[in-house]
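Structure first, then comments.
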Amino acid sequence: MAKLSKAAEKGLCEAGWTHNRSIDISEYEEWLTQNGYVINDLIRTVLAEFGGLHLSIPCFGDDTVIMHNFGESALKDTADFDVIEAEKSTFIENIKILEKYISGDMLIPIGHSYQKHITNMVSHSGKIYGTYVEFHLCGEDIYDYINGLYQKRPGKKIHVPEMEEAG
1 MAKLSKAAEK GLCEAGWTHN RSIDISEYEE WLTQNGYVIN DLIRTVLAEF GGLHLSIPCF
61 GDDTVIMHNF GESALKDTAD FDVIEAEKST FIENIKILEK YISGDMLIPI GHSYQKHITN
121 MVSHSGKIYG TYVEFHLCGE DIYDYINGLY QKRPGKKIHV PEMEEAG
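Numbering (this note's numbering), first residue to last: 1 to 167.
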């Protein structure tokens with residue numbers, strides 16, 4: 001298992017995660033396959049360990065500015081692993097466009113971050129991507145992604161002309 005930062009592990013534990021967490025993902029698998037997605041063992045492992053969790057994460061941005069303009073409550077943001085809700089908010093046709101820009105690696109919606117503005121997806125190779133108006137690589141694996149949420153680390157933008165034209 002990759003190393004989680006202390007902040008990430010604390011946040012996960014507060015959300016109900018444990019080191020050996022493994023939930024029944026049959027509902028997720030059924031939903032995703034009925035909607036045209038192919039699930040591999042790596043994705044099953046990610047869903048079993050993190051599916052259904054709702055995280056409280058630091059708000060992205062400068063804490064001083066956020067606190068001054070919006071107050072202390074604005075310093076917290078959210079991320080979730082609500083697979084079905086993520087799939088409902090995503091068009092598989094758009095995912096197929098994004099897959100072209102990551103060498104055809106298949107993407108599966110796994111949740112949201114930043115007040116549900118970003119839809120997060122896991123690839124068959126295990127990388128985590130996020131999309132809203134732009135497309136980003138958010139983590140080399142699930143643990144890198146989760147650490148990034150707690151470190152307020154931005155993703156690496158991936159150039160997708162179709163998204164930029166629609167933007």
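Here a beta-carbon is modelled for each residue, glycine too, at the ideal position from N, C-alpha and C. Here the structure is a predicted model, which is why all the values come from computation and not from measurement.
Given that a residue counts as buried once 16 or more other Cβ atoms are within 10 Å of its Cβ, and exposed if not, what is Ser113? Your numbering for residue 113 matches position 113 in the sequence shown. Per the 10 Å Cβ criterion, buried.
So the candidates are Thr45, Ser125, Asp80; which of them puts its Cα closest to the Cα of Ser103? Here residue 103 corresponds to residue number 103 of the sequence shown, with the count starting at 1. It is Ser125 whose Cα lies nearest to the Cα of Ser103.
Suppose only complete runs of 4+ residues qualify. What are the alpha helix (DSSP H) ranges in the segment 13-68, listed by chain order? 26-34, 41-50
Among Ile23, Val133, Ser56, Ser123, which residue has its Cα nearest to the Cα of Glu140? Taking the first residue of the sequence shown as 1, we reach residue 140 at position 140. Nearest of Ile23, Val133, Ser56, Ser123 to Glu140, Cα basis: Ser123.
8 Å contact criterion, which Tyr145 and Ile128 should meet: CB distance rounded: Numbered from its first residue, the sequence shown carries residue 145 at position 145. Numbered from its first residue, the sequence shown carries residue 128 at position 128. Indeed they touch by this definition, with Cβ atoms about 4 Å apart.
Go to Gly104, then tell me how far its alpha helix (DSSP H) extends in each direction, as first and last residue. For the purposes of this step, residue 104 is taken as residue 104 along the sequence shown, with counting starting at 1. Run containing Gly104: none; DSSP gives neither H nor E here.
How would you call Gly36, buried or exposed, if buried means at least 16 neighbouring beta carbons within 10 angstroms? On the sequence shown, position 36 is the one that residue 36 refers to. The residue in question, Gly36, is exposed, as its Cβ has fewer than 16 Cβ neighbours within 10 Å.
Quick one: what does DSSP say Val83 is sitting in, helix, strand or coil? Within the sequence shown, the letter at position 83 stands for residue 83. Helix.
DSSP on Met1, reduced to helix/strand/coil? Along the sequence shown, read from residue 1 onward, the residue named residue 1 stands at position 1. With a pLDDT of only 48 at Met1, under 50, the local geometry of the prediction cannot be trusted, and the value read off the model is given with reservation. Met1 falls in the coil class under three-state DSSP.
Buried versus exposed, by CB contacts within 10 Å (16 or more), Val160: Reading the sequence shown from its first residue, position 160 is the one you call residue 160. Under this definition Val160 is a buried residue.
In terms of residue numbering, what span does the alpha helix (DSSP H) encompassing Tyr129 cover? Against the sequence shown, residue 129 aligns to sequence position 129. No alpha helix (DSSP H) contains Tyr129, which is instead part of the beta strand (DSSP E) from 128-131.
Quick check on Pro154: buried or exposed, where buried means 16 or more other Cβ atoms within 10 Å of its Cβ? By one-based count along the sequence shown, residue 154 stands at place 154. With fewer than 16 Cβ atoms within 10 Å of its Cβ, Pro154 is classed as exposed.
Identify whether Asp141 lies in helix, strand or coil by the three-state DSSP scheme. Indexing the sequence shown from 1 puts residue 141 at position 141. Coil, per DSSP.
So Lys116 and Pro58 are supposed to be a Cβ contact under 8 Å. How far apart are they, rounded? Reading the sequence shown from its first residue, position 116 is the one you call residue 116. Reading the sequence shown from its first residue, position 58 is the one you call residue 58. Not a contact, Cβ separation roughly 17 Å.
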